[in-house]
């Protein structure tokens, strides 16, 4: 097959050029996609290839179909990354006739890998197949060994899924055997976990808290909050200062722990020190800033406006505007594209958007550059769902498929990514990525999987079907609609570990399990790639942690009437130390507890 493509590649390119009005770059993309398509067809349906009598005519027909689809959708430049990075395009879509190995199995793996791996993963895969060791790859690519291991693991997961042989196919082409060789080179073997013995699961230490500070629900001192979006605490010479972002009033208020108001800044508007749709408050060493829909507004710790910064309006990703995520000390920004759900699901006729980049925008001289920090997977999160009488399909969100959690950490100068897709049940993978795009560390957290019960599936089916029925004016969904919704849902073995992560200023990453036998449980993972125990903190169900210091957990409490309070809860070690789900002995547990210290 590769020989066919190399022999008739020029003919395919001529066909694409004629169909795309001599647009060379677009034609090259069409040829690459057509080549990938025929390789996949050949791998999955080898009998169809055997029936081809005129290879050139078949390749031309596939190319023409690609051109027709491209012209129909008007999307000639589909790329995972932004268009202004030439080296990214070259690494992502290398020419088919470059570096052609003599081994057809190796060549086939690399051809398919081009379309499903990131440039860095592809570079690692090439070197693994060349027989290079981890240390050699790290030196060659100027990475750390931890980063190399992380890219290897992600690459092998994607390749395993892509090369899984169809049922009753017998494997075909020897690619499964080649993949086994590649897996052995990678050493990517998942360590299973026995939920009964706890072997292989992450050990935990129990902690709890007790209430100490609380203010809100009173008009004296204006301690009445509408919708608290963030709480950040900073110790000063006169004691702690609590900074509270209220989304409803678009204000930041500064307080003492006993609820005495020190300063009020902000307000709805576009003037100096005002906000338009604020969504994040970030406390840095000598200042704080608020991110809103349009810009970043900076203040001194006392609340004086020092300036505003904004991402240039001319920048975009595939025409989509950016959401302001974070601003760093060097003046660079971290943003994510705002892609409508109809685009993600592919309702407009284009292919679904499986991944969205997390980007860093920085100034170089008089121009701005965009660098990809991470690819955020949205695979299978939304699926099109056709309703009777509607010309366009609606979007059905999956209950148990969680997009990657992408969280910038401006105080730490990095971003943190959390993912649960395509991992064993009960597993959460965390990784920290530097501003240069390199992985600082990665770690997999393994907790006991929580099975999805049948009644939980039926509850989700009934809820979603009821929403769809209400759009047609029906109060009760029909059995047929329920059946269709049930068939569209992806139901894995277990609940995802969490629906999102939260980097904390004390160096931990917090997450709340999606299902837990104990209400109000949060987990805290210390940054780094070690295998030590993580903390399990039991908090009141109504408490939402926002900041962590050496002595307190700060956040909000919501009462039964929906009134919010700012609360500081003091750390209290659990009376009985517990290293849950671990096979270690009681003597080891005692040693772990004796040496444990509060993260700070």
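Numbering (our numbering), first residue to last: 83 to 682. We put the beta carbon where it would ideally sit given N, CA and C, even for glycine. Nothing here was measured: the structure is a model prediction, and the numbers come from that model.
* With a CB to CB cut of under 7 Å and the five nearest residues on each side skipped, what residues in its chain are close to residue 98? -> Taking the first residue of the chain shown as 1, we reach residue 98 at position 16. The residues are 109, 112, 113, 145 and 149.
* First and last residue of the uninterrupted alpha helix (DSSP H) at residue 569 -> Residue mapping note: residue 569 aligns to position 487 of the chain shown, counting from 1. Start and end: 561–570.
* Nearest-angstrom Cα separation, counted from residue 385 out to residue 367 -> Locating residue 367 in the chain shown gives position 285, counting from the first residue. Locating residue 385 in the chain shown gives position 303, counting from the first residue. Rounded to whole angstroms, residue 367 to residue 385 spans 14 Å at the Cα level.
* To do: Give the DSSP-derived three-state secondary structure of residue 527 in the structure shown.
  => In the chain shown, the residue the question calls residue 527 occupies position 445. Here residue 527 sits in strand by DSSP.
* Grouping DSSP H, G and I as helix and E and B as strand, with all else coil, what is residue 391? -> Against the chain shown, residue 391 aligns to sequence position 309. Reduced to three states, the DSSP call for residue 391 is strand.
* Give a single yes or no on whether residue 616 has its beta carbon closer than 7 Å to a heavy atom of the ligand FAD. => Ligands displayed in this structure: none; no statement on the ligand FAD is therefore possible.
* Distance, residue 152 Cα to residue 134 Cα -> What you label residue 134 is simply residue 52 of the chain shown in a count that begins at 1. What you label residue 152 is simply residue 70 of the chain shown in a count that begins at 1. Going by the C-alpha atoms only, they are around 25 Å apart.
* Asked: Quick one, are the C-beta atoms of residue 393 and residue 458 less than 8 Å apart?
  -> Along the chain shown, one-based indexing puts residue 393 at 311. Along the chain shown, one-based indexing puts residue 458 at 376. Taking the C-beta atoms as reference points, residue 458 is found no nearer than 8 Å to residue 393.
* If we call anything under 8 Å between Cβ atoms a contact, is residue 525 one with residue 512? -> As a working note, residue 525 is residue 443 in the chain shown. As a working note, residue 512 is residue 430 in the chain shown. Taking 8 Å as the Cβ cut-off, residue 525 and residue 512 qualify as a contacting pair.
* Minimum C-alpha distance to residue 589 - residue among 308, 312, 495 and 361 -> Counted from its first residue, the chain shown places residue 589 at position 507. Minimum Cα distance to residue 589 is reached at 495.
* **Cβ pair residue 558, residue 551 closer than 8 Å** => The residue given as residue 558 occupies position 476 in the chain shown. The residue given as residue 551 occupies position 469 in the chain shown. Closer than 8 Å, so yes.
* What residue ranges within the segment 435–477 form continuous beta strand (DSSP E) runs of no fewer than 3 residues, ordered along the chain? -> 437–446, 449–459 and 464–467
* Asked: residue 544 lies in the alpha helix (DSSP H); which residues open and close that run?
  -> Translated into the one-based positions of the chain shown, residue 544 becomes position 462. Unbroken alpha helix (DSSP H) run through residue 544: 536–553.
* Closest Cα partner of residue 404 within the set 431, 329 and 373 -> Translated into the one-based positions of the chain shown, residue 404 becomes position 322. Answer by Cα proximity: 373.
* **Distance, residue 205 Cα to residue 409 Cα** => In the chain shown, the residue the question calls residue 409 occupies position 327. In the chain shown, the residue the question calls residue 205 occupies position 123. Computed Cα separation, rounded: 30 Å.
* Asked: Where do the ends of the alpha helix (DSSP H) carrying residue 380 lie?
  -> Here residue 380 refers to the residue found at position 298 of the chain shown. No alpha helix (DSSP H) contains residue 380, which is instead part of the beta strand (DSSP E) from 378–382.
* Would the beta-carbon of residue 297 fall within 8 Å of that of residue 605? -> Position 215 of the chain shown holds residue 297. Position 523 of the chain shown holds residue 605. No, Cβ-Cβ distance for residue 297 and residue 605 is not below 8 Å.
* Asked: Nearest to residue 426 by alpha carbon, out of 436, 523 and 331?
  -> One-based indexing of the chain shown puts residue 426 at position 344. When only C-alpha atoms are compared, the closest one is 436.
* To do: Under the assumption that residue 654 contacts residue 639 (Cβ atoms under 8 Å), give the Cβ distance between them as a whole number of angstroms.
  => Here the question's residue 654 lines up with position 572 in the chain shown. Here the question's residue 639 lines up with position 557 in the chain shown. That pair is no contact at about 17 Å.
* Asked: DSSP on residue 94, reduced to helix/strand/coil?
  -> As a position in the chain shown, residue 94 is number 12, starting the count at 1. Residue 94 falls in the helix class under three-state DSSP.
* Asked: Considering residue 209, what are the terminal residues of the alpha helix (DSSP H) in which it resides?
  -> For the purposes of this step, residue 209 is taken as residue 127 along the chain shown, with counting starting at 1. Residue 209: member of the alpha helix (DSSP H) spanning 201–211, first to last residue.
* Drop a sphere of 10 angstroms on the beta-carbon of residue 271, count the other beta-carbons inside from all chains shown, and report buried for 16 or more, exposed for fewer. => Locating residue 271 in the chain shown gives position 189, counting from the first residue. Confidence in residue 271 is poor, its pLDDT being 39 and thus under 50, which makes the residue's placement too unreliable to answer from.
* Asked: Which residues does DSSP pair with residue 512 in a beta bridge?
  -> The residue you call residue 512 lines up with position 430 of the chain shown. In the DSSP output, where bridge partners are listed per residue, residue 512 has 500 and 525.
* Does the distance from the CB of residue 326 to the CB of residue 347 come in under 8 Å? -> What you label residue 326 is simply residue 244 of the chain shown in a count that begins at 1. What you label residue 347 is simply residue 265 of the chain shown in a count that begins at 1. If you check the CB distance, residue 326 and residue 347 do not come in under 8 Å.
* residue 264 - DSSP class collapsed to helix/strand/coil -> For the purposes of this step, residue 264 is taken as the residue at position 182 of the chain shown. Because the pLDDT of residue 264 is 49, which lies under 50, any placement of that residue in the model is unreliable, and the number read from its coordinates should be weighed accordingly. In the structure shown, residue 264 sits in a helix (DSSP, three-state: H, G or I).
* **C-beta contact flag for residue 294 and residue 634 at 8 Å** => Your numbering for residue 294 matches position 212 in the chain shown. Your numbering for residue 634 matches position 552 in the chain shown. Cβ atoms of residue 294 and residue 634: closer than 8 Å.
* With DSSP run on the structure shown, which of helix, strand or coil describes residue 128? -> Taking the first residue of the chain shown as 1, we reach residue 128 at position 46. In the structure shown, residue 128 sits in a helix (DSSP, three-state: H, G or I).
* Asked: Among 236, 493 and 101, which has the Cα closest to the Cα of residue 365?
  -> As a working note, residue 365 is residue 283 in the chain shown. Of the candidates 236, 493 and 101, the one whose C-alpha sits nearest the C-alpha of residue 365 is 493.
* To do: Check each candidate in 414, 237 and 310 and name the one with the smallest Cα separation from residue 199.
  => For this step, residue 199 is matched to residue 117 along the chain shown. Per the Cα distances, 237.
* To do: Helix, strand or coil for residue 339, going by three-state DSSP, please let me know.
  => Residue numbering aside, residue 339 sits at position 257 when the chain shown is read from its first letter. The answer is coil: DSSP assigns residue 339 none of H, G, I, E or B.
* Would you kindly check if the distance between the Cβ of residue 577 and the Cβ of residue 627 is under 8 Å? => The sequence position of residue 627 within the chain shown is 545, counting from 1. The sequence position of residue 577 within the chain shown is 495, counting from 1. Against a cut-off of 8 Å, the Cβ pair of residue 577 and residue 627 comes out as no contact.
* Using only alpha-carbon positions, find the residue among 397, 390, 582 and 396 that is nearest to residue 485. => For the purposes of this step, residue 485 is taken as the residue at position 403 of the chain shown. Taking residue 485 as reference, the option from 397, 390, 582 and 396 with the minimal CA-CA separation is 582.
* Determine the extent of the beta strand (DSSP E) in which residue 292 is found, giving its start and end residues. => Locating residue 292 in the chain shown gives position 210, where the first residue counts as 1. Boundaries of the beta strand (DSSP E) harbouring residue 292: 286–297, taken from the DSSP string.
* Tell me, which residues are paired with residue 626 by DSSP? -> Residue numbering aside, residue 626 sits at position 544 when the chain shown is read from its first letter. Paired residues: 638.
* **Nonlocal neighbours in the same chain, by C-beta distance under 7 Å from residue 389, ignoring five residues either side** => On the chain shown, residue 389 is found 307 positions in, with the first residue counted as 1. Closer than 7 Å at Cβ, skipping near neighbours: 380.
* Asked: Going by alpha carbons, who is nearest to residue 323 out of 508, 132, 344 and 570?
  -> On the chain shown, residue 323 is found 241 positions in, with the first residue counted as 1. Per the Cα distances, 344.
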